[in-house]
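As structure tokens, the structure follows; a few thoughts come after it.
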Amino acid sequence: AINSKHSELAPNETILIIKPINLLCQSPLFNDLANDSSECLQCYCFGHTDICYSSSIKSESITLDDQMKLTVCSIGRTWTGDYVDVSDRFPPNQQAIQLDPITREHSIDSTIASVHTPDSVYFYWRLPEPFLGNHLLSYGGHLHYLVRYRQPFTPSPLDDLPDVIIRGRNRTMYHYRKYSHSTNNIIDDGDNNGGHRRSVRFWIGEWQSNEPNNYNSSSFMIGDLNRQQILQIISDIQDILIKASYDAIILQSSILDIELESGQITDNYEHLDRKRSAYIEQCSCPPGYQGSSCEKCSPGYHRRQQQQSLNIIETNQLSLIEDKCIPMIIQCDCNGNSNECDPYTGQCLHCQNHTHGFHCEQCERGYYHHHHSSSTNPGNCIKCPCESLIACHPVGSIRSNITDLYNGQFQQEEIFQHNHHCQCKRLVTGTLCDKCHDGSFHLNDYSHTGCIQCFCFGVTDVCNGATNLYRHHISANIDRYSHGFILRDREQQEQSSSSSSESLTFDHLNREIIFQNFSQTSGHLYWQLPFNFLGNRITSYGGHLNYTFRFQGNYFQRGHDGHRKPFAIIMGNNQSLEYYHQQPLHPLIATTISIALFENQWYRNDNGQPASRRDLMITLANLDSILLLATVTNDISWIGLIAVTLDTSVELQMLSPTTMSSSLSRSISISTLKVDTIELCRCPQGYSGTSCERCAPGFKMQLMMNQADIRDDEMDNNNNNLFHRCVPCFCNGHSFDCDSLTGHCMNCQHHTIGPFCDLCEPGYVGNATHGTPDDCHPNIIGSNHHYHHHHHHEHHGDENSRSLVDDNSCQCNRNGTKNSECHPSSSIMNCDCKLNVIGDNCDQCRDGHFNLAANNPYGCSACYCFGVTDQCQSSRSRRSTIWMDFSHNYFADSKLELATRFQTVRYTDRISYNFSTNEAHFYSLFWLHENPLEPDSNPETLYWFLPRHFLGNRLSSYGGRLRFTRRYHVQNSGQFINDADVFLLGNGLMLQYISSAEFPANLDQRFEIGLQAEDEIWQKIDHQTQATGMATRIDFLNVLVNVEMIAIRATFHTQMKQSFLANVGLDVAVESLGDEINDKRPFAHEVEQCDCPEGYQGLSCEQCSPNYIREIDLMINHDQQQHPKCVRCRCHQHSDRCDPITGHCIDCQHNTAGDHCDQCSVGYYGDATLGTTDDCRRCPCPSESMANNFSPTCKLDIDGLPTCTQCMKNYTGRNCEICNIGYQRNESLANSRCES
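Letter by letter, the sequence shown follows residues 3 to 1238 in the working numbering.
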């Protein structure tokens, strides 16, 4: 194209747009609206060209529609200053999100935080899918939204948090708002409804990131992102997060009116957004690229990954950071019936002309292949001309009536012999063989019977194909070294795994787990897959087990003994199945073996026979091991594990919005492909599961071990023995539920205990096996109504029925005896011990218990130790008390706060303190009654909230006392108000103490409340489940380990005038002074001192030891109390410190870097995961000396030797040891350099 101004060369089918040129900004610069050369922008175009101009943009906006819903994620800050998603460790309560259907306003409150969420974790709104992806056309535009939030009376604003976090292309950018709080806590952009409208622009100076300090590699600094860096991130946005935490305490936070300005390229200048179009580049892309900034590959091209990182881009240079687009290697071969195919497999897409198949080579049903048809029908598929012939279903029939043409003539076989009926496969029926028999489902072409027979574990033969399941798969994220993979021999002997697994290394370049010590092993090694692949995988039937790997060596199909070796082994329910791979493998090429989970692909291990459907289903019902061959050839030198996936199935409604939105970033993915191979059985009573593989609640599983266990009515129609039987739980009539595997009863009622509710609980006697609600009745000691369960004819006491325990004739320990009586048996006194007590004299605690005490109905307390051990003893610490001190020296730390129970209303300015009497009092309570917050209502109960030095870890207070003196004055007659007198809050659980007695005004009342479940009546309230009940010792320990509030009631009357609080003290346990004679303080026997395993410390193993961090154990039984585990910092021996939230290592040593010190620093090479001080060595380019080193970087190649990657232009060669073309050394000079 040419005119008087310019000429342009372009490939065919190019659209030419002629528009005015701003002479100030010409390529490689652009900006049609520039008034000065300084306003010109440089063409970026992802490094593929430097020719661009201002684009033509039509404004569009992305907003939340009625189908979209926001989710909330948890964000923590690392030592580098970055904010990372920690939702997997501290999951938010998504049920706390409220949505107004009219305004589309999403809101949360304090219940968004989970039990284990620390104060250093914050909450952000996560935008849904339409806001993600390529948004280059949003550059210069804004992200608009409106937020509302309510802060406590004494706010703790989180102004330092970024307002918006955007992640894309492995980088993160932050927008920080410039806050200005007025005295009324109103932000300057607030609207009349109390909201705050935000507008964040995608522009230079609006976004920051944390970048390494060039002068100190171990430190990071916040820097503004330039235009190129912003374009990189918004070209593929993976996450947009908007702040929801505006205060340390979230009373309420909401967001609405979210709008992302975007656009589309247009030729219509009437709708042009000139304010933004001038700033968006339209690049002249070279062949193979398309998009406004050449960010995408053209049709017929695919992306080849480059090994370059996203470095900081200077504004005055281009960086070729984008992967290259190269022509597809595979050409489409679709027999003229399609021009589209998969770029990697070559499978044809969108076949035309009544064809289908991989290469569009087959005719559709009702058409036949005619070799001599006219050229007007490219597919050579013409309609069957014989309407009288029956078109049998090609999948369900054994032989189709119409076969291929031979010499242009129809071949009509057996049509008259079978009376015009199709001959169906065994499980297929119907005139056209197009339906499945009863007891089978899913007509298919891979089952020799035509349909899949209902298995249902033999309990029924009625099933259908599941219609609501979609393909889903489990994968192993091999993005770092994973301890989940281990190498074992076929028999899973530990001796092979211990030596082999230690030799595993991680190749960061190719993202592979490498093993190369085959010379030191005997036999064949297998990869054993991690636990997340195991368990009930019934819904994997019909899917695939995919194994991707590379290896070095010659491929042989047979082992050392001449026999074929199984390529994959699956084990479950005491049987093993094997898969044998038939095709040759090619070394050094990434190969994926896709193993179908159909019975015709597997063989039994015990007899070598082909597996049946029953064999495969029983194995999948409880997979306990999956092995994949690692020794794929006899002369193998190394193997690299790249990826493993296992197909399974899931209902879409079972996935929460959070799971759906984050499925791409985790090891879970879901497709829209429906699954047809899974049976949905109509299970009889007592059975559950898609294949009746589980027992329903109220039933226990009874495995069928032999033929004698099976009755005649328990044989299925195919003479397949039952695998299991579900029988009702046997709980002696005291429970209807039990463990489905052990049969042990759960939730025993009527004061019964025991595995079958066959014992009476402590304090009750009787025979629990009679099956009535009155089997167990109270055991009353010291009254005329004492029940003698075993020896009712004996009575050992004086005329006043006093206990004879510990008298001269009986040596039973009073603390450990249940009935306070002795029962002579021959010459030995028979003491009736409490449940957790043993010994002839009931004077010892059972193993796993401690502190024999009279007030404990069980005698001894169970070692809690937060679930990490069951070994403990009573602490040797002594009781002490921390006091509230209002003297001048400690007044700042002892100031009280008066507030309602949930601190929605707080008062601090009307509290006065008497330093001489150590007393605080609130003197304006009458004002509250005269000025209530709501008309015609009494004010809420007020509480004194104790200061911080009473809070935190107070496990040593268990068994001690909370002490205080209170008094109140009234101004008129009124009524006494009953409410909780004290409450403690911690870990989402509230414990409250209610005194039953009223007390008069104007009198001091002294309280000493026991902090243990045995002494006082404490109630518990779970803030998450709203469950209530009597507090147990475990409840106390879960609260005391992290006390967040201690509140003492301050108002008691409808006409309160003043309230007083004095002499507040909390008992704790402290170390003994070492002087046992003079130290008269009592021992804290009620406090457990656990024998903590490695990694734990504290009285109850509640803390992690140094060099350990918390980690949620996802494999924990959900019926048990979940406790975060302590795991060692994973720093490969290069650091002894890590971030307590993310686990990222701090201050990596020995020339290492990375989140887990698992990479070598720039300029060094090696394998940092070996754990030695010499893991990383300086790059030899060609020597390690800086004076003779001509490349700043290198990599460890597959042969185990370094290769320099950035030789100076004067040098070339693997180690920059050769002069490049046009350069030479002066051979007469030692250590001369390559010069031109």
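Quick reminder that beta carbons are idealized off the backbone N, C-alpha and C, glycines included. Remember, it's a predicted structure, so these values are computed and weren't measured experimentally.
Beta-carbon proximity of residue i to residue j, cut-off 9 Å
i     : j     : result
S737  : C728  : no
C733  : F758  : yes
L145  : S237  : no
T967  : F1009 : yes
W529  : L630  : yes
E653  : Y860  : no
V767  : N749  : no
D84   : S76   : no
K820  : P764  : yes
L2    : L489  : Since the first residue of the chain shown is 3 and the last is 1238, residue 2 is not available in this structure.
E942  : F978  : no
I239  : W209  : no
C1221 : T1207 : no
L643  : F551  : yes
H1243 : V430  : Residue 1243 is absent from the model: the chain starts at 3 and stops at 1238.
Y126  : F204  : no
S109  : Q100  : yes
Cut-off 6 Å between Cβ atoms - residues of its own chain near residue i, not counting five sequence neighbours on either side
i     : result
C1128 : G1097, Y1098, C1106, Y1110
E801  : Here the model assigns E801 a pLDDT of 32, short of 50, so the residue's position is not dependable, and the following value carries that caveat. The answer is none, since no qualifying residue turns up.
N1233 : none
H792  : Only weak support exists for where H792 lies, its pLDDT of 35 falling under 50; the value from the coordinates is given anyway. Result list for H792: empty, nothing under 6 Å.
L948  : I1048
G1145 : I1111
H395  : L434, C435, D436
T647  : H475, S477, N548
G197  : L148, R150
Continuous beta strand (DSSP E) stretch holding residue i: start and end
i     : result
Q554  : 546 to 554
F701  : 701 to 705
D983  : Premise fails: D983 is in no beta strand (DSSP E) and is neither H nor E.
D491  : 488 to 491
D1069 : 1058 to 1072
Residue i to residue j span [Cα, whole Å]
i     : j     : result
P686  : Q69   : 38 Å
P1204 : E1186 : 12 Å
G850  : T871  : 9 Å
T1171 : C343  : 42 Å
P120  : L243  : 20 Å
V202  : V972  : 56 Å
L1198 : G1168 : 6 Å
I152  : T902  : Ile is not the amino acid found at residue 152; the sequence shown has Arg there. Spanning the two alpha carbons is a distance of roughly 16 Å.
F508  : S1137 : 19 Å
E1104 : R956  : 11 Å
R173  : D34   : 30 Å
C874  : P1095 : 12 Å
Cβ-based neighbour list, residue i, same chain, cut-off 7 Å, excluding 5 preceding and 5 following
i     : result
I1011 : R963, L964, V984, Y995, E1018
S651  : L471, Y472, R473, H474, T541, V677, I680
H752  : H736, P775, D777, C778
S286  : T51, I53, C54
Y124  : I77, L160, L163, S247
S1061 : H923, F924, L927, Y970, A1052, T1053
Terminal residues of the alpha helix (DSSP H) in which residue i lies
i    : result
Q234 : 229 to 236
R616 : 615 to 622
Same chain only: Cβ atoms within 8 Å of residue i, ignoring 5 sequence neighbours per side
i    : result
D193 : Any reading at D193 must be qualified, since the residue scores a pLDDT of 49, below 50, and its modelled position is unreliable; no value is offered.
Whole-angstrom C-beta distance between residue j and residue i, which should lie under 8 Å
i     : j     : result
A1015 : R881  : Incorrect: roughly 18 Å between the Cβ atoms, too far for contact.
L991  : D1024 : 6 Å
S61   : E263  : 7 Å
Y581  : Q554  : Contact flag wrong, Cβ pair sits at about 23 Å.
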